[in-house]
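Visitor:
Residue numbers (the UniProt record's numbering): 1 to 280.
#1: Kindly indicate the opening and closing residues of the alpha helix (DSSP H) around residue 263.
#2: Which residues does DSSP list as the beta-bridge partners of residue 219?
#3: Closer than 8 Å by C-beta to residue 201: which residues in its own chain qualify, once you throw out the five before and the five after it? Chain order, please.
#4: Specify whether the segment 243-256 and the segment 213-226 touch according to this definition: at least 3 beta carbon pairs, one from each stretch, less than 8 Å apart.
#5: What's the call for residue 59, buried or exposed, on a 16-neighbour Cβ count within 10 Å?
#6: Within 10 angstroms of the Cβ of residue 227, are there 16 or more other Cβ atoms? Answer buried if so, exposed if not.
#7: Using a 10 Å radius around the Cβ and a threshold of 16 neighbouring Cβ atoms, would you call residue 160 buried or exposed?
#8: Restricting to Cα atoms, I'd like to know which of 253, 179 and 195 is closest to residue 242.
#9: Nearest-angstrom Cα distance between residue 95 and residue 21?
#10: For residue 119, which residues from the same chain have a beta carbon less than 8 Å from its beta carbon, with the 5 sequence-adjacent residues on both sides left out?
#11: In three-state DSSP terms, what is residue 90?
#12: In terms of residues, what are the limits of the beta strand (DSSP E) holding residue 109?
#13: What is the rounded straight-line gap between the Cα of residue 57 and the Cα of residue 23?
#14: Do residue 126 and residue 103 count as a contact pair if the criterion is CB distance below 8 Å?
#15: How is residue 173 classed by DSSP in three states: helix, strand or coil?
#16: In angstroms, rounded to a whole number, what distance separates the CA positions of residue 240 and residue 213?
#17: Alpha carbon to alpha carbon, how far is residue 269 from residue 255?
#18: Mapping DSSP to helix, strand and coil, what is residue 135?
#19: Relative to the C-alpha of residue 166, which residue among 99, 110 and 25 is closest?
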C-alpha cells in the first residue's frame with residue numbers, strides 16, 4: 001500500500017477496500033501495521049465501509065460483502081480470536097449461574113470458555129447443542145468410585161442434530177429436543193449482533209435452532225466480544241428486544257455501549273477498568 005501515514009481518511013478507506021477486494025479479506029492487525037494507524041482508526045474505517053455496504057465485518061477484520069454473510073469459520077479458527085476478551089466475558093457471565101439451576105449453553109467459543117468456569121457449580125442441569133461444551137463437563141466430572149454419577153455433578157443434556165463447522169448440533173432433531181425443555185438462563189454465543197439485524201449467524205439451520213433456544217429460556221444472556229458488534233450474518237434469529245443481558249468486553253466503543261444501553265435491560269462490560277471510586 002505504500003506510506004499512508006498522511007493519507008486523508010477517504011484515501012485510507014479506498015486502500016482498505018482495494019485490499020479487501022484483492023485479497024478476499026483483511027484483518028485489523030494487518031491494516032494497523034500496513035497503514036501505520038491505530039487499531040481504533042482501522043475499526044472506525046471498517047465501520048464506515050460496512051455502513052456504506054462496501055465491506056462486511058467478520059471476526060477480527062472484513063471481507064467482501066458477497067462472501068461475508070454466509071462465511072462460517074471453524075471452531076479452531078474462532079478459538080484463536082479475542083482470547084483475553086472471552087476469558088473476561090466468561091468470568092462475568094458465570095456470576096449469573098446459581099447452584100441447582102437449569103441452564104442452556106449454545107455453541108461457540110465464548111460459551112466454551114464459560115463452560116470451563118461452571119464445572120464446579122453444584123447440581124447444575126446443562127442443556128447444550130455444543131459437542132465441545134459437553135466434553136468440558138464430561139472431562140471435569142468423572143464418575144464416582146462406585147461407578148455412578150458423582151453427587152453434585154452437572155447433569156448434561158446434549159441435543160442431537162447435524163454438526164456445523166463450529167461444532168454445534170443443529171437441525172430438526174436438535175429443535176425438537178429444545179422445544180420440550182425450559183431453562184432458567186440461556187447463554188447464547190453469536191456470530192453477529194447489531195441494532196438492525198439483531199442476533200445473526202451465517203448458518204440457516206443454526207439460526208432456527210437458536211430461535212428455539214431463545215423461546216425456551218426465561219432469561220437470555222448473550223456472551224459476545226466487541227468484534228461481534230456491527231457484524232451481520234446471513235440469518236437473523238432474535239431481535240435485541242428478546243435479549244435481557246449482553247456480556248461483552250471493554251473493547252466495545254463507548255458509542256456502541258450507549259446504543260446498547262438504550263435497548264437492553266442490562267449491559268455488562270467485563271474487564272472494564274474503573275478510574276477512582278464512584279459516589280452515588
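Beta carbons are placed, not taken as given, at the ideal position from N, Cα and C, and that holds for glycine. Keep in mind that this is a model prediction, so the values were computed, not measured.
Guide: Once the coordinates are examined:
#1: Within the chain shown, residue 263 is the residue found at index 263, counting from 1. In the DSSP assignment, residue 263 falls outside any alpha helix (DSSP H) and carries neither an H nor an E.
#2: Reading the chain shown from its first residue, position 219 is the one you call residue 219. Note: residue 219 sits in a beta bridge opposite 185.
#3: For the purposes of this step, residue 201 is taken as the residue at position 201 of the chain shown. In chain order, 72, 190, 191, 192, 207, 210, 233, 234, 235 and 237 place their CB closer than 8 Å to the CB of residue 201, counting only its own chain and leaving out the 5 sequence neighbours on each side.
#4: At 8 Å Cβ cutoff, the stretches touch.
#5: Sequence index remark: in the chain shown, residue 59 carries index 59 (1-based). So residue 59 counts as buried.
#6: Along the chain shown, read from residue 1 onward, the residue named residue 227 stands at position 227. That one is buried.
#7: As a working note, residue 160 is residue 160 in the chain shown. Counting the other CB atoms within 10 Å of its CB gives residue 160 a total below 16, which places it among the exposed residues.
#8: Position 242 of the chain shown, counted from the first residue, corresponds to residue 242. Nearest C-alpha to residue 242: 195.
#9: For the purposes of this step, residue 95 is identified with residue 95 of the chain shown, where counting begins at 1. For the purposes of this step, residue 21 is identified with residue 21 of the chain shown, where counting begins at 1. Each residue's Cα considered, the two are about 43 Å apart.
#10: Locating residue 119 in the chain shown gives position 119, where the first residue counts as 1. A distance below 8 Å between beta-carbons, with the five flanking residues on each side excluded, links residue 119 to the following residues of its chain, in chain order: 136, 137, 140, 141 and 154.
#11: On the chain shown, residue 90 is found 90 positions in, with the first residue counted as 1. Helix at residue 90.
#12: Locating residue 109 in the chain shown gives position 109, counting from the first residue. Going by DSSP, residue 109 is part of no beta strand (DSSP E) but of the alpha helix (DSSP H) stretching over 109-115.
#13: Position 57 of the chain shown, counted from the start, is the residue given in the question as residue 57. Position 23 of the chain shown, counted from the start, is the residue given in the question as residue 23. Cα to Cα, residue 57 sits roughly 15 Å from residue 23.
#14: On the chain shown, residue 103 is found 103 positions in, with the first residue counted as 1. On the chain shown, residue 126 is found 126 positions in, with the first residue counted as 1. It is a contact, given that the beta carbons lie within the stated cut-off.
#15: What you label residue 173 is simply residue 173 of the chain shown in a count that begins at 1. Annotated three-state conformation of residue 173 is helix, per DSSP.
#16: On the chain shown, position 240 is the one that residue 240 refers to. On the chain shown, position 213 is the one that residue 213 refers to. Just so you know, the alpha carbons of residue 240 and residue 213 end up roughly 15 Å apart.
#17: Against the chain shown, residue 269 aligns to sequence position 269. Against the chain shown, residue 255 aligns to sequence position 255. When only Cα atoms are considered, residue 269 and residue 255 end up about 13 Å apart.
#18: Within the chain shown, residue 135 is the residue found at index 135, counting from 1. Reduced to three states, the DSSP call for residue 135 is helix.
#19: One-based indexing of the chain shown puts residue 166 at position 166. Measuring from the Cα of residue 166, the nearest candidate turns out to be 110.
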